[in-house]
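Numbering (the working numbering), first residue to last: 211 to 445. Glycine is no exception: its CB is placed at the ideal position from the N, C-alpha and C atoms. All remarks here apply to the structure that follows.
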Amino acid sequence: QGMPREAERELTRLLRSGLAVGVATGRGKSVKTALRDAIPKKYWDRIIVGYYNGGDIGFLGDDTCPDGSDCVSESLRPVADTIAAHSLLGRFAQFEFRLPQIKAEPMPGAPADWVLGLLQQVVLSHADAGVRVLRSSHSMDVLAPGVDKRDVLVRVAELLGEKTPDGILCVGDMGRYPGNDFLLLSHPLGLSVNEVSQDPATCWNIAPAGVRCAGACLEYLRRVKAANGRARFTL
């Protein structure tokens, strides 16, 4: 799906003001296509994209990523082999295999929580140490060890010449574990547009009552006032 026109305008406004933008997503090339369609090319070197939950990171203008190879890393091979031979998982979910992750998308009508539970059982029984299962609003992701959306923050901080990413605003929707934003939104400046964690110190949802997801994200973007490469968030 394309980016909403209002979000295009807000992101372009922030980039025009000298800010950098990082995008951490469980998806691959479709996100790059949507961003390139929405954002003027002159700003592509100010946008860092972490595809496959941060397992493949590059600038928006980088044509070498993401790596869309239909295969998994060695650490995910035992899980991939088990999924391929499993009598139930293939009936209730569609799978996409990439080097840093395996994505499971429940079939229409399939109970998502049940699919998640079965997938977690498979991973706990067969995966290498460090392999995790997280969920997004539409799918579940089996991540290779070390795959972390927070790596996008580090890359953005490097782009800006900052020693740490502590001053970067983070926005996501799945802040409660096993949501795939729970680590990203544990950041000191983490805001959720949907689910929040149990930690009262971060991962807040301060959107207006009844406003969630894309609408809440747009509200947060509008509250960022930027000039000369610096920004402040207005309450």
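Self-check item: Test item: CB-CB of LEU369 and ARG440 under 9 Å
Solution: no
Self-check item: Completely contained beta strand (DSSP E) runs for the stretch 408-444, where each covers 3 or more residues
Solution: 434-437 and 440-443
Quiz item: Which residue from SER240, LEU326 and PRO310 puts its Cα closest to that of PHE302?
Solution: Ranked by how close their Cα comes to the Cα of PHE302, the residues SER240, LEU326 and PRO310 have LEU326 in first place.
Quiz item: Can you name the residues that DSSP bridges to TYR387?
Solution: Answer is none; TYR387 lacks a bridge partner.
Self-check item: Per-residue DSSP class, three states only, for VAL364
Solution: helix
Exercise. Assess, as a yes-or-no matter, whether the stretch 305-313 is touched by the stretch 274-281 under the definition of 3 or more beta carbon pairs within less than 8 Å.
Key: yes
Quiz item: Taking contact to mean at least 3 C-beta pairs separated by less than 8 Å, is the stretch 311-320 in contact with the stretch 335-354?
Solution: yes
Quiz item: Does the distance from the CB of GLU405 to the CB of GLY425 come in under 9 Å?
Solution: No; because the gap between Cβ atoms is not below 9 Å, this pair is not in contact.
Quiz item: Do you know offhand how far GLU220's Cα is from ARG432's?
Solution: So the two alpha carbons sit approximately 7 Å from each other.
Quiz prompt | Alpha-carbon spacing of GLU429 relative to HIS296, whole angstroms | solution = 44 Å
Quiz item: Can you tell which of PRO375, THR444 and ALA354 has the C-alpha that lies nearest to the C-alpha of PRO398?
Solution: Taking only the C-alpha atoms, the option nearest PRO398 is PRO375.
Quiz item: Whole beta strand (DSSP E) runs in the stretch 222-277 with 3 or more residues, listed along the chain?
Solution: 231-234, 257-261 and 266-269
Quiz prompt | Start-end ranges of the beta strand (DSSP E) lying completely within the stretch 321-365, minimum 3 residues | solution = Fully enclosed beta strand (DSSP E) runs of 3 or longer: 342-345 and 350-353.
Quiz item: Which of helix, strand or coil does DSSP assign to LEU494?
Solution: Here the chain comprises residues numbered 211 to 445, so residue 494 is not present and cannot be evaluated.
Quiz item: How many Å lie between ASN415 and SER335 at the Cα?
Solution: 35 Å
Quiz item: Closer than 8 Å: is that where the CB of GLY420 sits relative to any heavy atom of the ligand ATP?
Solution: In the structure on display, the ligand ATP does not appear, and there are no ligands present to speak of.
Quiz item: Between the C-alpha atoms of GLY271 and GLU216, what's the straight-line distance to the nearest angstrom?
Solution: 22 Å
Practice problem: Taking only the alpha-carbon atoms, compute the straight-line gap between ASP247 and ASP409 and give it to the nearest angstrom. | Solution: Our two residues, ASP247 and ASP409, have alpha carbons roughly 37 Å apart in a direct line.
Practice problem: Using only alpha-carbon positions, find the residue among LYS252, LYS239 and ALA294 that is nearest to THR274. | Solution: LYS239
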